[in-house]
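Undergrad: The sequence shown begins at 0 in numbering that gives the first Met the number 0 and counts up one residue at a time.
This is the structure I want to talk about, given as C-alpha cells.
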Amino acid sequence: MKIAPVHKIMNVKKQKKAGCGCGRSPIGRCVGWHKLSEERYMEVLEKYNAMPESQKMGYLSPKAIDGFGE
C-alpha cells in the first residue's frame with residue numbers, strides 16, 4: 000500500500016528549498032545577498048571571487064547562510 004506524502008494529507012503547500020530568487024548568489028542557494036545595496040553587493044562579490052576555491056567551499060555553508068549579508 001502506497002502512503003501519500005504528509006503535505007498532501009495535511010492539505011498544506013510543500014515548501015521549496017531556499018533557492019536564490021534574486022540571482023546574486025554564487026552558489027544558487029539564498030545566502031542573503033538580496034539584502035545588499037548594489038554597491039555593497041559588488042564589493043562582496045569581488046571579495047568572494049578573490050578567495051581561493053578551498054576557502055569558498057565552506058564560506059557560504061548553511062551555518063553562515065547570510066554570508067556577507069547584513
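C-beta atoms are modelled at their ideal positions from N, C-alpha and C, and glycine is treated no differently.
#1: Just the Cα atoms here: how many angstroms apart are G57 and Y47?
#2: Please return the same chain residues whose Cβ sits closer than 7 Å to the Cβ of I26, not counting the five positions on each side in sequence.
#3: Which whole-angstrom value is the C-beta distance of G18 and C29, which I expect to be below 8 Å?
#4: Taking DSSP as the reference, what is the three-state secondary structure of R28?
TA: On the basis of the coordinates in this document:
#1: Sequence index remark: in the sequence shown, residue 57 carries index 58 (1-based). Sequence index remark: in the sequence shown, residue 47 carries index 48 (1-based). Distance between the alpha carbons of G57 and Y47: 12 Å.
#2: Working through the sequence shown from its first residue, we reach residue 26 at position 27. Closer than 7 Å at the Cβ level, and outside the excluded window around I26, lie L59.
#3: Position 19 of the sequence shown, counted from the first residue, corresponds to residue 18. Position 30 of the sequence shown, counted from the first residue, corresponds to residue 29. Right, their Cβ atoms sit about 7 Å apart.
#4: As a first step, residue 28 is located in the sequence shown; it is residue number 29 there, counting from the start. Strand, per DSSP.
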